[in-house]
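Numbering (the numbering used here), first residue to last: -17 to 523. Ideal Cβ positions, reconstructed from N, Cα and C, are used throughout, including at glycine.
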Ligand SMILES: [Zn+2]
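Shown next, in the form of structure tokens:
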């Protein structure tokens, strides 16, 4: 029997502390859903009441299999939990679990809080009880636990024990400053689990000595059974423990793999590379090529003897099979690896293709060329699916955009205010018919979208519920020219279905338009809409 290890993601809370990272409500939803699909047990999404984004998110939380977790602080000393509005906002959020941070370093209790050690213990106990009273699962993050343990081990332990005895499901030991080393973490956790059952102890490590992953593994060896971390190690200063590295290590490496099971299946693990890269795209940052397991270069082999040895016997130069985490081997001498990778992608979207099908090579070439131009298909599943299905002749030509024109005007309005307005005209040919539509918007892309979707003839019923959920622009500088990549997230207002499309061009409006067209075609294709018949009676394919 394997022991269960629980994974707790705090990308949307602790990760949100990162300089330059600003999640929108929509980002939070998408990321929470991706984490849920991966098999994470707890998704900590923010601090209800602390800022407008978190408040809006918790007002309409997504439905997840994972336990969505609200974060807050233990109640203020000197008042009751019911008389602390900030605390109430946290425990009343419509979520199954609440994680509260409590002080466990006597120095911080006295200096930062300015209260007695006893009062702090009371605050921890009363807070845990209030969470239980609100029928939420209580977790306590013991802030500065390791530094506190070094300064005053009896008091740090008293804080942890108080939380456990008051009914905390998890007592999480935090290396808040990130300066503790693996041998220290292992010794301290081993001592804690002599007092608190290991199935109630968690670890939360920061990466200030580049040891957050190692510290997490050391804590698990010593007995911790909940692991906290973030996607791609996002987090303030040097980051949090990187779940993108911890998860494959726990699933693929001894003696973790045979001792523990997590909520992430082997199939889920194969989505890890895609999740990691999509996350970077959402943050508008370049993925780290050298990231363990999921980086572009994690399984790249240079030519010569090394590469030929790898192609004969991969284990000679690879510590795990790249496919196990959804990554691909890169060999400069052969594109076989690319071929098997693309076959796996096709099968994921429900296309069973023979590995010797000549069209496969063409698709592979197209993907490579386009990725070199700046397309990011990991983040734009719908655009990839269209590209793939087109290569196999499965997507009809629904319509043809003959031309578009956009005008941006900055002027003073009747009230003398400076305004910028955009007008667009789009000419579309559907079957034999030419439709000319005009649209107006606050920006060129908005105006184009309005014009394009104003009247798409027979397709109107299928696209009437389509709406743009999010829009991300990235300027890619490669070689001498800069190109713009636009990533659009679309949503079906009725079914809630979401899909991502991408466009690339030196011109931002052009790139947006391309992503917009892909979004509409994907909708028509997935609705199974029949293409318009041309006047000649044939179906243009
Ligand atoms: Zn932290």
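Compute the Euclidean distance between the alpha carbons of residue i and residue j, then round it to the nearest angstrom.
i	j	result
residue 277	residue 388	39 angstroms
residue 90	residue 82	16 angstroms
residue 52	residue 100	26 angstroms
residue 439	residue 412	8 angstroms
residue 33	residue 340	54 angstroms
residue 479	residue 294	43 angstroms
residue 192	residue 437	56 angstroms
residue 259	residue 352	17 angstroms
residue 168	residue 184	13 angstroms
residue 66	residue 58	7 angstroms
residue 316	residue 324	Here the model assigns residue 316 a pLDDT of 39, short of 50, so the residue's position is not dependable and the matter cannot be decided.
residue 86	residue 233	32 angstroms
residue 8	residue 36	11 angstroms
residue 455	residue 421	22 angstroms
residue 165	residue 180	18 angstroms
residue 487	residue 464	9 angstroms
residue 533	residue 6	Residue 533 cannot be examined here, being either before or after the span of the chain that is shown, -17 to 523.
residue 467	residue 112	48 angstroms
residue 361	residue 163	36 angstroms
residue 116	residue 23	21 angstroms
residue 46	residue 18	6 angstroms
residue 127	residue 30	25 angstroms
residue 452	residue 348	27 angstroms
residue 138	residue 62	23 angstroms
residue 519	residue 414	Any reading at residue 519 must be qualified, since the residue scores a pLDDT of 44, below 50, and its modelled position is unreliable; the value itself is stated next. Cα to Cα, the separation comes out at about 9 angstroms.
residue 235	residue 305	15 angstroms
residue 322	residue 274	21 angstroms
residue -10	residue 80	12 angstroms
residue 417	residue 406	14 angstroms
residue 448	residue 496	16 angstroms
residue 393	residue 250	53 angstroms
residue 511	residue 378	10 angstroms
residue 329	residue 95	56 angstroms
residue 513	residue 443	13 angstroms
residue 3	residue 515	48 angstroms
residue 395	residue 42	38 angstroms
residue 28	residue -8	8 angstroms
Assuming residue i and residue j make a contact with CB atoms under 8 angstroms, what is their CB distance in whole Å?
i	j	result
residue 209	residue 380	Incorrect: roughly 47 angstroms between the Cβ atoms, too far for contact.
residue -3	residue 266	15 angstroms between Cβ atoms; not a contact.
residue 161	residue 190	6 angstroms
residue -14	residue 367	In fact, because the Cβ distance is near 36 angstroms, the residues do not count as touching under 8 angstroms.
residue 528	residue 16	Here the chain has residues from -17 to 523 only, and residue 528 is not among them.
residue -1	residue 300	Actually they are not in contact, since the Cβ atoms of residue -1 and residue 300 sit about 35 angstroms apart, beyond 8 angstroms.
residue 226	residue 254	6 angstroms
residue 114	residue 60	Incorrect: roughly 22 angstroms between the Cβ atoms, too far for contact.
residue 483	residue 365	5 angstroms
residue 140	residue 103	6 angstroms
residue 312	residue 282	4 angstroms
residue 391	residue 403	6 angstroms
residue -16	residue 241	6 angstroms
Do residue j and residue i come within 8 angstroms of each other at the CB atom, strictly closer than that value?
i	j	result
residue 201	residue 246	no
residue 310	residue 345	no
residue 10	residue -6	yes
residue 25	residue 50	yes
residue 386	residue 342	no
residue 40	residue 54	no
residue 434	residue 506	no
residue 44	residue 71	no
residue 481	residue 375	no
residue 423	residue 432	yes
residue 457	residue 501	no
residue 107	residue 144	yes
residue 427	residue 264	no
residue 261	residue 197	no
residue 56	residue 109	yes
residue 119	residue 84	no
residue 224	residue 194	yes
residue 382	residue 401	no
residue 174	residue 136	no
residue 188	residue 146	no
Got a sec: does ligand 2 put a non-hydrogen atom nearer than 7 angstroms to the Cβ of residue i?
i	result
residue 158	Ligand 2 is absent from the structure shown, which contains only ligand 1.
Q. Between the segment 148 to 158 and the segment 200 to 218, do three or more beta carbon pairs fall short of 8 angstroms?
A. Remark: three or more beta-carbon pairs, one from each stretch, lie closer than 8 angstroms, so the segment 148 to 158 and the segment 200 to 218 are flagged as touching.
ask   = Could you give the uninterrupted runs of the beta strand (DSSP E) lying entirely in the segment 483 to 507, keeping only those of 3 residues or more?
value = Fully contained in the segment 483 to 507 is no beta strand (DSSP E) run of length 3 or more.
(request) Any chance you could list the alpha helix (DSSP H) runs of at least 4 consecutive residues sitting entirely within the segment 220 to 301, in chain order? (result) For the segment 220 to 301, whole alpha helix (DSSP H) runs of length 4 or above, ordered along the chain, are 225 to 234, 248 to 251, 254 to 264, 287 to 294.
Worksheet item: Can you list, in chain order, the stretches of the beta strand (DSSP E) that have 3 or more residues and sit fully within the segment 23 to 98?
Response: Here the runs fully enclosed are 24 to 28, 49 to 55, 79 to 85.
Runs of 4 residues minimum, wholly inside the segment 94 to 159: which ones carry the alpha helix (DSSP H) assignment? Correct list: 99 to 115, 127 to 133, 135 to 147.
field: Segments of 3+ residues assigned as beta strand (DSSP E) that fall wholly inside the segment 416 to 468
entry: Restricting attention to beta strand (DSSP E) runs no shorter than 3 residues, the segment 416 to 468 encloses them at 448 to 460, ordered along the chain.
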